[in-house]
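Heads up: the structure comes next, in structure tokens.
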Amino acid sequence: MQCADVLLQFLEVATHTVLFCRQVYPVEVFEERRKYGAPVWISRHPALRDYVSRTVLSLRDWMSQGLIERFNIILKDDEGFVWERFVLQIASDGAGPTSQCPPELESALRAFLLKLRVCDAQLAPTPCTTFAIVVDSASEAVTETRDWLRAEAPDVPDYVDVDGGDSEDAPPMHRRVVPLKSSAPYAIPGLRLQLWVEQAEHPPAVPAP
């Protein structure tokens, strides 16, 4: 199996795990499974599973070409305020995702999933009720004026830009960066992975009428 396919499987499982751990959806709609020997949580809701699966699979060409730099899981509240971003940075030497999967990769991804399972211990509670998936591409893949891929479904909210604001007029947000996991240099031949969370410290102030 190619590295690209293994990474896409990991992104799908990681998305479900984040939604469970941050309680974006009721815990009752998830079931426990195992991936790479690690316990994970996968949604049993057909629409949610289909959305996550289709979105991740749509990235295969970019992943195979080594053009994905960051995979973002963005968590928002009912008002659309972005409380958290889970960011997986993928650094490739240009051949990693297109090559056959080295045995070190699955072992490394297992460690990332185990860290995601306990991320609540490092993060404050948030009122997140919706999510979006946003992908930052390498410059070679940019054909428009923005370097993200929009991923949406009728029952899932639209993207938000990855610079922190929902509009150009939005005030700057104070965000806390929480490192979760990174792979050691040369631990995975051809790849370097890093995972962190950007968490808002408070919602924006509402201007007086």
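Going by the UniProt record's numbering, the residue at position 68 of the sequence shown is 68; the numbering climbs one at a time, nothing skipped.
In this text, a Cβ means the ideal position worked out from N, Cα and C, and glycines have one as well.
Small disclaimer: the values here were computed from a predicted structure and weren't measured.
Simplified DSSP state of residue i, which is helix, strand or coil
i, result
"Arg44", "coil"
"Thr126", "coil"
"Arg192", "strand"
"Phe10", "helix"
"Phe131", "strand"
According to DSSP, residues forming a beta bridge with residue i
i, result
"Phe86", "Ile73 and Val197"
"Lys35", "Ala38"
"Asp4", "Here residue 4 turns out to be Ala, not Asp, going by the sequence shown. BP columns for Ala4 are empty, so no partner."
"Phe30", "Ser43"
"Ala91", "Arg192"
Residues near residue i in its chain [Cβ-Cβ closer than 8 Å; skip 5 each side]
i, result
"Val29", "Ser43, Arg44, His45 and Leu48"
"Ala108", "Ser183, Ala187, Ile188 and Leu193"
Pair within 8 Å by beta-carbon distance, residue i and residue j
i, j, result
"Cys101", "Cys21", "no"
"Ile74", "Val13", "no"
"Asp78", "Thr129", "yes"
"Arg85", "Glu201", "no"
"Leu195", "Leu59", "no"
"Ala38", "Leu123", "no"
"Ser193", "Ile90", "First, the residue type needs correcting, since residue 193 is Leu and not Ser in the sequence shown. Closer than 8 Å, so yes."
"Tyr36", "Glu104", "no"
"Ser137", "Leu191", "no"
"Val52", "Thr15", "yes"
"Arg34", "Val27", "no"
Residue span of the alpha helix (DSSP H) that contains residue i, given as start and end
i, result
"Pro103", "Pro103 to Arg117"
"Ser182", "Not the alpha helix (DSSP H): Ser182 falls in the beta strand (DSSP E), residues Arg175 to Ser182."
"Ser58", "Counting along the chain, Ser58 falls outside any alpha helix (DSSP H), and DSSP gives it neither H nor E."
For residue i, the first and last residue of its enclosing beta strand (DSSP E)
i, result
"Ala138", "Counting along the chain, Ala138 falls outside any beta strand (DSSP E), and DSSP gives it neither H nor E."
Contacting residues, own chain, Cβ-Cβ under 7 Å from residue i (five flanking each side not counted)
i, result
"Asp120", "Cys21"
"Ser167", "In this prediction, Ser167 has a pLDDT of 35, which is less than 50 and means its spatial position is unreliable; what the coordinates show is noted afterwards. Cβ within range, chain order: n/a, list empty."
"Met63", "Ala4, Leu7, Leu8 and Pro97"
Cβ neighbours of residue i in the same chain (closer than 6 Å, five flanking residues each side left out)
i, result
"Val56", "Leu8, Leu11 and Glu12"
"Lys115", "Leu180 and Lys181"
"Pro127", "Asp77"
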